[in-house]
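Novice:
Residue numbers (full-length UniProt numbering): 1 to 118.
If you want it as C-alpha cells, here you go:
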C-alpha cells in the first residue's frame with residue numbers, strides 16, 4: 001500500500017508540473033538546456049544502435065539484415081524519438097525533485113519560476 005501511495009504521489013507531482021510547464025518559459029528553457037546537455041554527452045543513440053546490432057545477431061547467420069535495419073532511416077527516427085522521450089522524462093523527474101528540495105513547504109504545489117506565491 002505504501003508503494004502505491006508513493007507512486008501515486010509522484011504521479012500527481014509530475015502531472016502538476018506538466019500542467020504548469022506550458023505557461024512557464026523559464027522552466028521550458030531550463031528543461032531544453034538540460035535535454036541538450038544530455039543529447040551532447042550521453043551518447044545514448046549510438047549505444048542503443050550498438051546494443052541492437054550486438055544482441056539481435058544469431059551466430060552462424062547473415063548479419064547484414066540486422067546492420068541494414070540498425071542503419072535504416074526508420075530505425076534512426078525511432079531511436080531519436082525514444083531518446084528524446086527518455087531524456088525528457090529524466091530531466092523532468094530531476095527538475096521536480098530539485099524544485100521540491102528548494103521549497104519543501106510547497107512539495108505538494110510545485111512552484112513556477114517567477115511565481116510570487118512560492
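No residue lacks a Cβ here, since even glycine has one placed at the ideal position from N, Cα and C.
Can you find at least 3 beta carbon pairs, one from the region 58-65 and one from the region 78-96, that sit closer than 8 Å?
Specialist: Contact between the region 58-65 and the region 78-96 is absent, because fewer than three Cβ pairs lie under 8 Å.
Novice: Output the distance between the C-alpha atoms of residue 6 and residue 67, rounded to the nearest integer angstrom.
Specialist: Here residue 6 refers to the residue found at position 6 when the chain shown is read from its first residue. Here residue 67 refers to the residue found at position 67 when the chain shown is read from its first residue. In a straight line, the C-alpha of residue 6 is about 43 Å away from that of residue 67.
Novice: Distance cutoff 7 Å, beta carbons only. Does residue 76 sit that close to anything in chain C?
Specialist: This model lacks chain C altogether; it includes just one protein chain.
Novice: By how many angstroms is the C-alpha of residue 35 removed from the C-alpha of residue 84?
Specialist: On the chain shown, residue 84 is found 84 positions in, with the first residue counted as 1. On the chain shown, residue 35 is found 35 positions in, with the first residue counted as 1. Whole-angstrom Cα-Cα distance: 8 Å.
Novice: Do residue 53 and residue 70 come within 7 Å of each other at the CB atom, strictly closer than that value?
Specialist: Residue mapping note: residue 70 aligns to position 70 of the chain shown, counting from 1. Residue mapping note: residue 53 aligns to position 53 of the chain shown, counting from 1. Taking 7 Å as the Cβ cut-off, residue 70 and residue 53 qualify as a contacting pair.
Novice: Three-state secondary structure (DSSP) at residue 42?
Specialist: Locating residue 42 in the chain shown gives position 42, counting from the first residue. Note: residue 42 maps to coil in three-state DSSP.
Novice: Grab me the residues of residue 126's own chain with a C-beta within less than 8 Å of its C-beta, minus the 5 sequence neighbours each way, in chain order.
Specialist: This structure cannot speak to residue 126, because the chain is shown only from 1 to 118.
Novice: Where are the alpha helix (DSSP H) runs, 4 residues long or more, that stay fully inside the region 2-53, in chain order?
Specialist: Counting only runs of 4 or more, we get 2-20, 25-41.
Novice: Using only CA atoms, which one of 87, 15, 103 lies nearest to residue 32?
Specialist: Along the chain shown, read from residue 1 onward, the residue named residue 32 stands at position 32. The residue with the shortest Cα to Cα distance from residue 32 is 87.
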